[in-house]
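*Asks:* This is the structure I want to talk about, given as structure tokens.
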């Protein structure tokens with residue numbers, strides 16, 4: 001793939017390269033290369049300078065909450081949308097200018113989109129009848145499939161999805177699961193290089209969904225083509241995929257093997273989204289020693305700066321719980337206990353945090369317990385940001401304008417009109433219930449409990465992100481006003497040639 | 001102890017309509033039936049039907065079917081592309097465009113006909129067959145447009161995406177997906193135009209000149225004071241009614257076949 005070598009050599013430090021696996025470890029064997037894709041709908045940025053490489057033959061899952069841009073990314077690959085900027089390559093060929101009907105990909109739609117006026121056989125044969133295949137004997141080197149060929153291919157595809165004798169059936173008479181299978185057969189019969197699946201199991205009931213998960217895995221192995229699967233169900237993503245791409249806010253948060261995503265989430269969002277987690281703020285005292293909730297614990301990580309602020313993730317099933325105080329790292333009281341089928345889930349209050357703990361044994365509400373956390377159960381993530389950084393302008397004496405508002409901030413040493421970098425600590429921001437009480441308005445986009453406080457992410461009307469540490473819990477999508485304590489804010493002269501700021 | 005509970009039955013809402021139907025539809029139909037088979041002396045006769053097929057009235061019916069078919073086909077050929085354009089983005093976001101085509105429905109029908117007639121006169125199209133057809137097309141256009149537009153607008157766009165995904169270009173997608181899926185709209189458009197034309201003699205009277213008329217005109221003449229031939233008029237109406245019933249039956253069985261299509265279109 002000489003073309004790939006070329007593309008690869010373009011310097012791009014933002015590309016999330018997929019981890020090598022047993023399936024494929026060749027460095028440059030990416031069938032799809034997404035480069036700096038941005039997509040803006042009606043002024044709203046859905047995908048933000050996203051880059052991603054997808055290896056040939058893998059089962060890749062795009063995972064994220066609704067509105068994170070995963071479906072848009074899939075539709076860009078399919079060709080139903082055009083990117084605002086950036087390029088997508090399939091086998092090294094740029095395809096953003098290629099219409100969907102000429103792309104070597106096929107899609108299984110969320111609601112199947114089976115043609116209601118055609119029976120099962122005709123639905124599956126739809127793509128084959130249009131297909132031109134290379135044939136040196138034909139006039140211009142191409143011919144169409146013969147009736148016999150089509151029949152043979154359609155029957156083979158129907159057999160693969162387990163609907164051999166359903167060809168004559170009306171698609172409207174099929175159950176949801178069967179329609180799903182027809183949709184898959186219709187897509188794979190065209191022998192695409194990449195199969196795109198847009199939340200295909202969302203409309204099925206739980207039992208059917210589990211069945212189809214196994215079926216899809218089997219089809220993937222049998223066909224050997226690349227699958228790109230979109231879902232918001234983390235369990236589905238972890239069970240089925242070779243590689244999981246976690247997305248949020250139009251940005252890739254982490255690309256890794258399912259196990260790695262679960263065990264070593266790269267940031268608080270991923271940890272929070274992938275299953276239940278206890279997420280706390282801590283300090284890396286030195287290599288292999290971490291401190292949180294006033295205790296120092298052994299861990300297995302190193303390579304952080306001394307006393308670097310970090311996030312700690314501890315899975316509920318990794319915490320050992322025992323009756324009585326003094327038998328672990330933390331003493332606490334059980335606040336609630338819920339039976340979850342194969343285990344019990346307890347909320348345990350310790351000094352400064354409420355741990356979620358899972359155990360085979362029930363610990364009744366009110367009982368005194370000890371919690372033990374083993375070194376290899378402590379997962380450490382670098383803090384994404386430790387301070388909010390934005391570009392602003394001095395608007396007057398002790399008045400700085402940034403992010404769509406004018407804030408009272410001491411401006412000693414600057415003159416009106418100066419461009420400055422504004423550093424706002426997480427603790428300097430107060431959110432107000434009433435939007436009009438704040439200087440600017442914003443929406444809550446994320447709220448993570450960190451022990452003693454919540455770390456809240458907001459998205460302002462000026463399209464800027466802020467992180468805030470607050471004692472209050474805020475609900476997603478709440479409208480809030482933003483007030484900034486000017487005394488905690490630092491200003492620095494902004495030099496556009498020198499500085500690169502994520503404003 | 002059992003007590004009779006008075007319950008309100010929703011069917012009660014149907015009574016006003018039922019009354020109107022009985023008085024103004026069922027009874028007149030029965031009267032037509034009676035007049036059609038009743039001789040001048042009050043006895044049973046088939047003579048009126050003999051007249052229908054003997055006195056040139058039947059060829060008038062054929063002519064009427066002809067002008068109805070021609071007008072309907074022309075109207076369909078104009079309305080479909082308009083509906084298609086209106087239903088496709090970016091026009092579908094601007095309801096104002098669809099409204100522009102619907103507004104004429106709010107103006108009285110006779111007014112529209114007279115206005116159109118003088119307009120055609122100005123541009124030199126004389127009263128006659130062509131003017132009558134233009135009148136029909138113009139007058140029934142919204143009735144043809146609206147059902148097609150509605151079907152196209154509500155059609156699930158994922159069908160079109162699926163078609164393109166499977167290798168069909170825009171033209172193939174139209175012929176293989178859009179057109180067949182929009183048939184229910186086309187059929188209801190046709191039935192809302194084709195049948196009423198039979199009796200739209202106001203248009204042919206105004207714009208058709210001397211030689212162009214529809215069977216409805218003849219029936220009206222037979223019923224008016226000078227002719228006073230209720231028997232023949234009723235028999236003609238009866239034959240017309242049969243034709244209409246056949247057309248209704250055909251179109252419902254046709255759209256019945258595509259009703260499933262509609263259902264699925266809604267579900268997905």
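Chains as they are written, first to last, in the working numbering: chain A, 1 to 503; chain B, 1 to 268. We treat Cβ as the ideally placed atom computed from N, Cα and C, and that holds for glycine.
1) Could you tell me whether any Cβ in chain A is nearer than 8 Å to the Cβ of residue 166/B?
2) For residue 492/A, name the three-state secondary structure that DSSP assigns.
3) With DSSP collapsed to three states, give me the class of residue 229/B.
4) Is there at least one Cβ from chain B nearer than 8 Å to residue 67/A's Cβ?
5) Would you mind giving the Cβ-Cβ distance between residue 195/B and residue 247/B, rounded to the nearest angstrom? I have them listed as a contact below 8 Å.
6) Can you list, in chain order, the residues of the segment 89-121 of chain B whose Cβ is nearer than 9 Å to any Cβ on chain A?
7) Going by DSSP, what residues sit across from residue 45/A in a beta bridge?
8) What ranges does the beta strand (DSSP E) occupy inside the segment 362-444 of chain A, keeping only unbroken runs of at least 3 residues that lie completely in it?
9) Answer yes or no: does any C-beta atom of chain B fall closer than 8 Å to that of residue 107/A?
10) Going along chain A in order, which residues have a C-beta closer than 7 Å to the C-beta of residue 159/B?
11) Curious, which full-length beta strand (DSSP E) runs of at least 3 residues does the segment 38-124 of chain A contain?
12) Applying a beta-carbon distance threshold of less than 7 Å, which residues of chain B neighbour residue 100/A?
13) When you check each C-beta in the segment 186-197 of chain A against every C-beta of chain B, which residues fall closer than 8 Å?
14) What distance in whole Å lies between the Cβ atoms of residue 79/B and residue 189/B, which are believed to be in contact at a cut-off of 8 Å?
15) Could you check what DSSP says for residue 161/B in three-state terms: helix, strand or coil?
16) Could you give the DSSP three-state label for residue 62/B: helix, strand or coil?
17) Rounded to whole angstroms, what's the CA-CA distance from residue 227/A to residue 469/A? Just pull it up for me.
18) Determine the closest residue to residue 113/B out of 214/B, 102/B, 131/B, with distance taken between C-alpha atoms.
19) Spell out a yes or no on whether the segment 197-204 of chain B and the segment 157-177 of chain B are touching, meaning 3 or more CB-CB pairs, one atom from each, closer than 8 Å.
20) When you compare the segment 233-244 of chain B with the segment 34-42 of chain B, are there three or more beta-carbon pairs, one atom per stretch, that lie closer than 8 Å?
21) If the cut is a Cβ gap below 8 Å, which residues of chain B does residue 130/A touch?
22) Applying the 10 Å Cβ sphere with the 16-neighbour rule, what's the burial state of residue 433/A?
23) For residue 493/A, count the other beta carbons within 10 Å of its own beta carbon; 16 or more makes it buried, fewer makes it exposed. Which is it?
24) My guess is that residue 351/A and residue 293/A are in contact by the Cβ rule of under 8 Å, so how many angstroms apart are they, rounded?
25) When you compare each of 151/B, 9/B, 162/B, 229/B to residue 47/B by their alpha carbons, which one comes out closest?
26) Any beta-carbon of chain B closer than 8 Å to the one on residue 227/A?
27) Relative to the C-alpha of residue 159/A, which residue among 74/A, 286/A, 345/A, 178/A is closest?
28) Would you list, in chain order, the members of the segment 134-158 of chain B that have their beta-carbon closer than 8 Å to a beta-carbon of chain A?
29) Relative to the C-alpha of residue 336/A, which residue among 479/A, 40/A, 364/A, 330/A is closest?
30) Is residue 266/B close to chain A? Criterion is C-beta to C-beta, closer than 8 Å.
31) Note down, in chain order, all residues in the segment 125-155 of chain A with a beta-carbon under 7 Å from any beta-carbon belonging to chain B.
32) Strictly below 7 Å CB to CB, what residues from chain B border residue 78/A?
*Replies:* Looking at the atomic coordinates:
1) yes
2) strand
3) coil
4) no
5) 6 Å
6) none
7) 40/A
8) 368-373, 379-382, 387-396, 399-402, 405-408, 419-425, 429-432
9) yes
10) 113, 115
11) 44-55, 59-63, 85-90, 105-108
12) 164, 165
13) 186, 187, 190
14) 7 Å
15) helix
16) helix
17) 40 Å
18) 131/B
19) no
20) yes
21) 166, 167, 168, 172
22) exposed
23) exposed
24) 7 Å
25) 229/B
26) no
27) 178/A
28) 156, 158
29) 364/A
30) Because the pLDDT of residue 266/B is 38, which lies under 50, any placement of that residue in the model is unreliable, and the number read from its coordinates should be weighed accordingly. Residue 266/B does not count as touching chain A.
31) 126, 127, 130, 131
32) 165
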